[in-house]
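*Asks:* Numbering (the working numbering), first residue to last: 50 to 408.
Each residue gets a CB set at the ideal place from its N, CA and C atoms; glycine is no exception.
Please find one structure pasted underneath; my questions will follow.
This is how it looks when you write it as structure tokens:
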């Protein structure tokens, strides 16, 4: 047997060793203003441990102060703990980004001829009371079975492809919230391709002669998918529109959901929205030679994996149980949780020994 992973040894120094292998804790703590005066808490390592005791440890400020004293970190009041936690946001964000960048660098590249999928999505984390909500932007690699980028922002910052790293030579799989020209341009500009779901009002589509396409006329009944060449202003290459009719029961549920949503806003459901609810419409920059119509549909349906990833963060990691409406403390709490999630995610993949297949 090989040498046991430090993640499996279950002690604090092993955690420090993992993080220190990708980021200089002392230098970065000074750089980001987390450790300015070395009174009581004298090291960056102790400061990081305090953040993890309070955040993923799910302790109150008073409990965190007591545990910090028991662990020999420092004798602090709950107010003193809060004061230090307030200064950690930028530093913890830097540590999280370093851990994810290291994960991305060490993971093997896809084999020649394989399509390297990146599932891009966002999830809202609600703040208690009247506090501001947060949005977690994510990139998930289904071939590796893990997140490769996580970026936390206030919820008012909308979903767009450039929130997370894109990179070259990949296929970004995105939901309809990303179906904006600037997102598509960002992906293509990095040398990657995209598959994105669209709504009937997401984008203005044109034919080869520059004439606007009536999308409703392309939504025909049947079970087989159809494909159409389309162009979008601002993108200097032709794209493919893939339309897959949904099974009647699923289509009816979609229409009922849309009607209920419109009713809550005191609106009447638009007939075009009702019709479009019976179809999955995908826009892609992939060529037919690279990916067939059926392969485009299969690749998009891999999105369930990033949704499960978010659910795992929120149920097992309890990321959606944010205890503070204070935006500064909330950011520290969330980032500490995400650092712990990345470390435990690596542990889970080591135990399993292999990621799920791409399809």
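Excluding the five sequence neighbours on either side, which residues of its own chain have a C-beta within less than 6 Å of the C-beta of residue 304, listed in chain order?
*Replies:* For this step, residue 304 is matched to residue 255 along the chain shown. Hits under 6 Å: 323, 326.
*Asks:* With a cut-off of 8 Å on the beta carbons, I'd call residue 203 and residue 385 a contact; round off their distance for me.
*Replies:* Residue mapping note: residue 203 aligns to position 154 of the chain shown, counting from 1. Residue mapping note: residue 385 aligns to position 336 of the chain shown, counting from 1. Actually they are not in contact, since the Cβ atoms of residue 203 and residue 385 sit about 18 Å apart, beyond 8 Å.
*Asks:* Any idea what DSSP makes of residue 72, helix, strand or coil?
*Replies:* The residue you call residue 72 lines up with position 23 of the chain shown. Three-state DSSP puts residue 72 in coil, outside helix and strand.
*Asks:* According to the Cβ coordinates, are residue 291 and residue 245 closer than 8 Å?
*Replies:* Locating residue 291 in the chain shown gives position 242, where the first residue counts as 1. Locating residue 245 in the chain shown gives position 196, where the first residue counts as 1. For residue 291 and residue 245, no; Cβs fall outside 8 Å.
*Asks:* Between the segment 350-358 and the segment 74-89, do three or more beta carbon pairs fall short of 8 Å?
*Replies:* These segments do not touch.
*Asks:* Short check: CB of residue 340 to CB of residue 348, under 8 Å?
*Replies:* For the purposes of this step, residue 340 is taken as the residue at position 291 of the chain shown. For the purposes of this step, residue 348 is taken as the residue at position 299 of the chain shown. For residue 340 and residue 348, yes; Cβs fall inside 8 Å.
*Asks:* If you reduce the DSSP assignment to three classes, tell me which class residue 409 lands in.
*Replies:* For residue 409 there is no data in the structure shown, the boundaries of the chain being 50 and 408.
*Asks:* Tell me whether the segment 179-186 and the segment 133-148 touch, counting them as touching only if at least three CB pairs, one residue from each stretch, are closer than 8 Å.
*Replies:* Touching, no, given that fewer than three Cβ pairs across the two stretches are closer than 8 Å.
*Asks:* In the structure shown, what three-state DSSP assignment does residue 368 receive?
*Replies:* As a first step, residue 368 must be located in the chain shown, where it is residue number 319. In this structure, residue 368 counts as coil in the three-state DSSP scheme.
*Asks:* Looking at the unbroken beta strand (DSSP E) that takes in residue 278, where does it start and where does it end?
*Replies:* Walking along the chain shown from the start, residue 278 turns up at place 229. Counting along the chain, the beta strand (DSSP E) containing residue 278 begins and ends at 275-279.
*Asks:* Are the segment 206-215 and the segment 232-252 touching by the rule of at least three beta carbon pairs closer than 8 Å?
*Replies:* Touching, per the Cβ criterion.
*Asks:* Which same chain residues end up closer than 8 Å to residue 71 when comparing Cβ atoms and leaving out the 5 residues on each side of it in sequence?
*Replies:* Here the question's residue 71 lines up with position 22 in the chain shown. Hits under 8 Å: 147, 148, 150, 151.
*Asks:* Once DSSP output is grouped into helix, strand and coil, what is the label at residue 235?
*Replies:* Numbered from 1 along the chain shown, position 186 holds the residue referred to as residue 235. In this structure, residue 235 counts as helix in the three-state DSSP scheme.
*Asks:* Can you tell me which of 394, 393, 377 puts its alpha carbon nearest to the alpha carbon of residue 137?
*Replies:* Along the chain shown, read from residue 1 onward, the residue named residue 137 stands at position 88. It is 377 whose Cα lies nearest to the Cα of residue 137.
*Asks:* Going by the DSSP bridge assignment, what does residue 196 pair with across the sheet?
*Replies:* In the chain shown, counting from the first residue as 1, residue 196 sits at position 147. Answer is 189, bridged to residue 196.
*Asks:* For residue 249, does the three-state DSSP call read helix, strand or coil?
*Replies:* Numbered from its first residue, the chain shown carries residue 249 at position 200. It is coil, neither helix nor strand.
*Asks:* Would you say the segment 163-180 touches the segment 363-375, given that touching needs at least three Cβ pairs under 8 Å?
*Replies:* Result yes; three or more Cβ-Cβ pairs closer than 8 Å.
*Asks:* Pick helix, strand or coil for residue 359, following the three-state DSSP scheme.
*Replies:* For this step, residue 359 is matched to residue 310 along the chain shown. Looking at residue 359 - three-state DSSP - the assignment turns out to be helix.
*Asks:* Can you confirm whether the segment 272-290 touches the segment 304-317 when touching is taken to mean that 3 or more C-beta pairs between the two stretches lie within less than 8 Å?
*Replies:* Flag = no, the segment 304-317 and the segment 272-290 do not touch.
*Asks:* Considering only residues of the same chain and omitting the five flanking positions on each side of residue 82, which have a CB-CB separation below 8 Å?
*Replies:* In the chain shown, counting from the first residue as 1, residue 82 sits at position 33. The answer, listed in chain order, is 136, 139, 140.
*Asks:* In three-state DSSP terms, what is residue 139?
*Replies:* Sequence index remark: in the chain shown, residue 139 carries index 90 (1-based). The answer is helix: DSSP assigns residue 139 an H, G or I state.
*Asks:* Please report the residue range of the beta strand (DSSP E) in which residue 174 lies.
*Replies:* What you label residue 174 is simply residue 125 of the chain shown in a count that begins at 1. Start and end: 166-174.
*Asks:* Taking only three categories from DSSP, how would you classify residue 332?
*Replies:* The residue given as residue 332 occupies position 283 in the chain shown. Note: residue 332 maps to strand in three-state DSSP.
*Asks:* Could you check if residue 144 is buried or exposed, using at least 16 other CB atoms within 10 Å of its CB as the buried criterion?
*Replies:* Translated into the one-based positions of the chain shown, residue 144 becomes position 95. Label assigned to residue 144: buried.
*Asks:* So is residue 253 buried or exposed if we call it buried at 16+ other beta carbons inside 10 Å?
*Replies:* Residue mapping note: residue 253 aligns to position 204 of the chain shown, counting from 1. The residue is exposed, with fewer than 16 neighbouring Cβ atoms inside 10 Å.
*Asks:* Roughly how many whole angstroms lie between the Cα atoms of residue 257 and residue 279?
*Replies:* In the chain shown, counting from the first residue as 1, residue 257 sits at position 208. In the chain shown, counting from the first residue as 1, residue 279 sits at position 230. Roughly 7 Å separates the two Cα atoms.
*Asks:* How would you label residue 357, buried or exposed, when you count the other beta carbons within 10 angstroms and need 16 or more for buried?
*Replies:* Translated into the one-based positions of the chain shown, residue 357 becomes position 308. Label assigned to residue 357: exposed.
*Asks:* Exposed or buried, residue 94, counting other C-beta atoms within 10 Å across all chains shown (16 or more means buried)?
*Replies:* Numbered from its first residue, the chain shown carries residue 94 at position 45. The residue in question, residue 94, is buried, as its Cβ has 16 or more Cβ neighbours within 10 Å.
*Asks:* Should residue 319 go down as buried or exposed, given a rule of 16 or more other Cβ atoms within 10 Å for buried?
*Replies:* As a position in the chain shown, residue 319 is number 270, starting the count at 1. Counting Cβ neighbours within 10 Å, residue 319 comes out exposed, since fewer than 16 surround it.
*Asks:* Around the Cβ of residue 293, are there at least 16 other Cβ atoms within 10 angstroms (buried) or fewer (exposed)?
*Replies:* Counting from 1 along the chain shown, the entry for residue 293 is found at position 244. Buried is the call here.
*Asks:* My output table needs one value for residue 215: the three-state DSSP class, helix, strand or coil.
*Replies:* On the chain shown, position 166 is the one that residue 215 refers to. Here residue 215 sits in coil by DSSP.
*Asks:* Taking the DSSP output, what are the residues bridged to residue 223?
*Replies:* The residue given as residue 223 occupies position 174 in the chain shown. Answer by DSSP bridge pairing, in chain order: 169, 245.
*Asks:* Sort out for me which residues DSSP pairs residue 255 with in a bridge.
*Replies:* Walking along the chain shown from the start, residue 255 turns up at place 206. Per DSSP, 261, 280.
*Asks:* With H, G and I counted as helix, E and B as strand and the rest as coil, what does DSSP make of residue 394?
*Replies:* For the purposes of this step, residue 394 is taken as the residue at position 345 of the chain shown. It is helical.
*Asks:* Counting along the chain, where does the alpha helix (DSSP H) carrying residue 302 start and finish?
*Replies:* Walking along the chain shown from the start, residue 302 turns up at place 253. Here the alpha helix (DSSP H) through residue 302 covers 297-313.
*Asks:* Beta-carbon separation of residue 99 and residue 118 under 8 Å?
*Replies:* Here residue 99 refers to the residue found at position 50 of the chain shown. Here residue 118 refers to the residue found at position 69 of the chain shown. Contact flag unset, no.
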